[in-house]
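The structure appears right after this line, and notes come after that.
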Amino acid sequence: MLRNIRGIASFEASGDNLYKFINAIREKHIVCTSQRCRDGVFYAQIYGRDISAVEQTAEGLGISLKISDKKGLRFRMYAYRFRFGIIIGIALVLGFIFYLSNTVVTIEVCGNSGVTDRQIITALENIGIYKGRFIPDIDFHSCEQKLRLSIPQISWTGIRHTGSRIVVDITEAVEPPEMVNDDIPCNIVAMHDAQITYAEVYAGKLARKVGDGVKKGDIIISGTITDGGGNIIKKHAMGKVRGIYKEQVTFTQLLEEKSQVYSNDILTRKYFDFFGFRIPMFFSDVECSTYDYSENVTKFRFSGLEIPLGIVYCNYHPFSSERVAYTKEQAEILLEQQTALHEKNFYDSKETEILERKIEKNITDEKIEYKISYTLEGDIGIDWEIYVD
């Protein structure tokens, strides 16, 4: 490999002072290999850098010298010395390599779960770390502190770089469990008019039994108890109480209202993503004032590896605010959707069972109204502090 880079020249020498020529080469410490003499001709190989010295020695001794072959990178490059396009190309490649080695090309986030990658990358952009940033200009220690301050959910962060890749290691803060202050005396009271169907006491005294009816505010589990010595003690009552109760909810849907009407066409604009810089691939901007926006990026791949080049597809879905008229059938479908969403959010999520649902419809020329009467079974107890003088 080294011989190929230096370049090897083969030569033939002949003349009356041939042996003086050979000795002169040795005295000048010129590396000369593959030596042989045949029919009064001396054959050998030398490094490309020694050609001039050998030619001068041969000329001084009257030796006929012929360079028969030249091999190696040295001679190939010499042949292209006046081809400026190649020189410029090599300079550009070297500059490109330098750019890649010292510029942020990719950002990877590790260790996050509650905080999204998008949140972290946006925060990094605000503190000065983004694709295309010159890495030597980044104060990583300062950026770590700023990132922790900008996102309270992060308890620790480490930012490092490997070549052009920035790696952000995240440790999220662990939310402490909700603490129940059981030092404050309290009763468990009913938050609905209900009939008790289940009661389990962890602390305190059950004031009502299963099957009893209670009014809103009635004590179900008392925090006031009497010990064996007849002393009255006030403590934090704890327990689980379920019961059957009724609830009424009203939903209204107008038959004509202002709504967003979407166009059937989705407009797409493309950008060429060059190491985080977006180069427009279109000539006209999107001409609409209100729209929903989304984008996706298709990265190019080389030998199975993703490279920081690609196409960004920006999608615009125009809409306008118009007055929309609904038929009664359409309005009822919307009311049913409202009802289902309410039940999911307020009942299903709290393990409250719907025993009965009665719907009273009120239909006018302007609106449809649902008055829904629910019979429910769920938690009916709530802590109510006992005030002590």
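Heads up: the sequence shown begins at 3 in my numbering, then just goes up one per residue.
Note that the Cβ used here is the ideal one computed from N, Cα and C, for glycine as well.
None of these values were measured; they are calculated from a predicted model.
Check	Outcome
For H163, the first and last residue of its enclosing alpha helix (DSSP H)	Not the alpha helix (DSSP H): H163 falls in the beta strand (DSSP E), residues 156-164.
Minimum C-alpha distance to V111 - residue among K237, I156, I69	I156
Distance between I281 and D287 (C-alpha atoms, nearest Å)	13 angstroms
Sequence-distant residues of its chain with Cβ nearer than 7 angstroms to A333 (five each side left out)	Q255, L257, I370
Simplified DSSP assignment, three categories, for Y200	strand
Beta bridge counterpart(s) of K2 as assigned by DSSP	The structure shown does not extend to residue 2, since the chain is modelled only from 3 through 391, so no value can be given for it.
Pick from R28, Y45, V326 that is closest to S16, judged by C-alpha positions	Y45
Cβ neighbour criterion (16 or more within 10 Å) applied to K133	buried
Delimiting residues of the alpha helix (DSSP H) encompassing V263	Here V263 belongs to no alpha helix (DSSP H); instead the beta strand (DSSP E) covers 258-264.
Entirely enclosed alpha helix (DSSP H) segments - the segment 85-145, minimum 4 residues	86-104, 119-129
Proximal residues to F142 (C-beta, below 6 angstroms), its chain only, five neighbours per side dropped	I161
Stretch pair the segment 372-390 + the segment 218-226: three plus CB contacts closer than 8 angstroms	yes
Opposing strand residues paired with A11 [DSSP bridges]	I48, K72
Which residues DSSP lists as bridging M240, in chain order	A205
Close Cβ partners of C145 (< 7 angstroms) along its chain, the five nearest in sequence each way excluded	I129, G130, I131, I161
Per DSSP, cross-strand counterpart(s) of R40	V43
Touch test, the segment 183-201 against the segment 241-250, Cβ-Cβ under 8 angstroms, three pairs minimum	yes
Of the residues I313, H238, S305, the one placed nearest R271, counting alpha carbons only	I313
Under the three-state DSSP convention, the category V56 falls into	helix
Cα-Cα separation, R135 to V251	56 angstroms
A192 to R210 span [Cα, whole Å]	11 angstroms
Cβ-based neighbour list, R325, same chain, cut-off 8 angstroms, excluding 5 preceding and 5 following	E258, E259, K260, S261
First and last residue of the uninterrupted alpha helix (DSSP H) at A192	Taken as a continuous stretch (DSSP letters only), A192 belongs to no alpha helix (DSSP H), being part of the beta strand (DSSP E) at 188-192.
Sequence-distant residues of its chain with Cβ nearer than 6 angstroms to C316 (five each side left out)	R271, E297
Residues bridged to V251 (per DSSP)	I374
Beta bridge counterpart(s) of T173 as assigned by DSSP	W158
Bridge partners - E379, DSSP secondary structure assignment	I246, E355
Reference K237; option with closest CA among F284, R8, N266, C188	C188
Where the beta strand (DSSP E) containing F279 begins and where it ends	279-282
For R28, the first and last residue of its enclosing alpha helix (DSSP H)	20-29
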